[in-house]
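Engineer: In my numbering, the protein residues as written are 436 to 778.
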């Protein structure tokens, strides 16, 4: 399709869906609430994934992967907004680190499942279809769990629903007091002025324009450098003569470190200025990325792949002002295998 291989087209469809979901529908959680949109995006992802697993053409697989990617994009933005609104400032870095660690557990879990299932056809059904359906089941499980998660009190307050915001805060406080075994201390008084709602056009005003452009460039290249790298490694190993099973095994070894990076990040995320941590991580990624290109043996490729993952994953665990904590192990879009046999 468009002169690309099936594998490249599938990856492109995934990220095109993420792009559409974030830039077109990313603001819907501001209008309808974090909890509601989180639920809706999970159902969207589940339905689209089941539909993709039932396809018999590459065009059908790519189309439904794009549709599923839209749901993933909306869900990721909503998670970030939810966590940033709930976590107190002095713990926000660690909260994002733990949140990212839970999310990234999906990657080694899926890599292991792919390694086991993709080359096989249990019950006469292609292994990649089993992987897709397992992801959909995981999303349904989280949809059930989410019923105990309250709406963001900050969002409720912004909508003028003050009593519901108070009820949500009270629910959270009761749970925490039950866990720690004693009453919470009185919160400090905070004076916060809220002057209307922000507009998209404001980010292009002189006060924010340079910052906006810098973040666009940064996120553009970090997406290529990180998620592009993760999607490309299995193809690279396969092109070097590895079988599908071997390349998936190597991918699993690299994937194991995905949740480790955010956990390491929790120890320093709130101790040093974020931007210098990001600078250090970017330098590490660039260094190990260049070293990665200079080797052809599987051992060195895996070693530098692990180091790239550890350094590049750190910026992702820093707080972002962009919703409930993601508990599913199968929702992470970039974790889906790229090996889709013709069956």
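The beta carbon of each residue, even a glycine, is placed where N, CA and C say it ideally should be.
A quick note: this is a predicted structure, and the numbers were derived from the prediction, not measured.
Along the chain, which unbroken stretches of the alpha helix (DSSP H) at least 4 residues long are found entirely within the segment 464 to 544?
Structural biologist: 469 to 488, 493 to 521, 527 to 539
Engineer: Would you decide whether residue 649 is buried or exposed? Buried here means 16 or more other CB atoms lie within 10 Å of its CB.
Structural biologist: exposed
Engineer: For residue 536, which of 698, 560, 525, 502 has the nearest alpha-carbon?
Structural biologist: 698
Engineer: For residue 693, is the classification buried or exposed, using 16 other Cβ atoms within 10 angstroms of its Cβ as the cut-off for buried?
Structural biologist: buried
Engineer: Under the rule that 16 or more other beta-carbon atoms within 10 Å means buried, what is residue 741, buried or exposed?
Structural biologist: The residue is buried, with at least 16 neighbouring Cβ atoms inside 10 Å.
Engineer: Pick out whichever of 539, 571, 469 has its Cα sitting closest to the Cα of residue 514.
Structural biologist: Between residue 514 and the set 539, 571, 469, the nearest pair of CA atoms involves 469.
Engineer: Alpha carbon to alpha carbon, what distance is there between residue 726 and residue 717?
Structural biologist: 14 Å
Engineer: With a cut-off of 8 Å, do at least 3 Cβ pairs link the segment 567 to 574 to the segment 474 to 486?
Structural biologist: yes
Engineer: Could you tell me how far apart the beta carbons of residue 612 and residue 619 are, in whole angstroms, since I believe they sit closer than 8 Å?
Structural biologist: 6 Å
Engineer: Looking at residue 476: is its Cβ nearer than 8 Å to the Cβ of residue 521?
Structural biologist: no
Engineer: Straight-line CA distance for residue 503 to residue 452?
Structural biologist: 7 Å
Engineer: In the DSSP assignment, the alpha helix (DSSP H) including residue 712 goes from what residue to what residue?
Structural biologist: Counting along the chain, residue 712 sits inside the alpha helix (DSSP H) bounded by residues 709 to 728.
Engineer: Check for me: the alpha helix (DSSP H) holding residue 642 runs from which residue to which?
Structural biologist: 641 to 657
Engineer: Rounded to whole angstroms, what's the CA-CA distance from residue 754 to residue 690? Just pull it up for me.
Structural biologist: Note on residue 754: pLDDT 49, under 50, position unreliable in the model; no value is reported.
Engineer: For residue 460 and residue 597, what's the separation of their Cα atoms in angstroms?
Structural biologist: 26 Å
Engineer: Within 10 angstroms of the Cβ of residue 603, are there 16 or more other Cβ atoms? Answer buried if so, exposed if not.
Structural biologist: buried
Engineer: What are the boundary residues of the alpha helix (DSSP H) that includes residue 610?
Structural biologist: 597 to 615
Engineer: Do residue 473 and residue 510 have their C-beta atoms closer together than 8 Å?
Structural biologist: yes
Engineer: Do residue 591 and residue 687 come within 8 Å of each other at the CB atom, strictly closer than that value?
Structural biologist: Contact flag unset, no.
Engineer: If you run the structure through DSSP and keep just helix, strand and coil, what is residue 692?
Structural biologist: coil
Engineer: Helix or strand or just coil, what does DSSP make of residue 686?
Structural biologist: helix
Engineer: List the endpoints of the continuous alpha helix (DSSP H) containing residue 568.
Structural biologist: 562 to 580
Engineer: Let me make sure I understand the geometry here. Which of 540, 534, 489 has the alpha-carbon closest to that of residue 561?
Structural biologist: 489
Engineer: Could you say which of 616, 660, 569, 705 lies nearest to residue 779 if we only look at CA atoms?
Structural biologist: Missing from the structure shown is residue 779; the chain here goes from 436 to 778 and no further.
Engineer: In whole angstroms, what separates the C-alpha of residue 443 from that of residue 497?
Structural biologist: For residue 443 and residue 497, the distance between alpha carbons rounds to 10 Å.
Engineer: When DSSP labels each residue in this structure, what does residue 441 get in the three-state scheme?
Structural biologist: For residue 441, the secondary structure class from DSSP, reduced to helix, strand or coil, is helix.
Engineer: Measuring only the C-alpha atoms, how far is residue 557 from residue 569?
Structural biologist: Going from the Cα of residue 557 to the Cα of residue 569 covers about 13 Å.
Engineer: What do you reckon, are the CB atoms on residue 500 and residue 440 nearer than 8 Å?
Structural biologist: no
Engineer: Look at residue 508 and residue 457 and say whether their C-beta atoms are less than 8 Å apart.
Structural biologist: Pairing residue 508 with residue 457 gives a Cβ-Cβ distance under 8 Å.
Engineer: Could you say which of 728, 701, 736 lies nearest to residue 530 if we only look at CA atoms?
Structural biologist: Nearest option by C-alpha distance: 701.
Engineer: When the distance is taken between beta carbons, is residue 664 closer than 8 Å to residue 743?
Structural biologist: Less than 8 Å separates the beta-carbon of residue 743 from that of residue 664.
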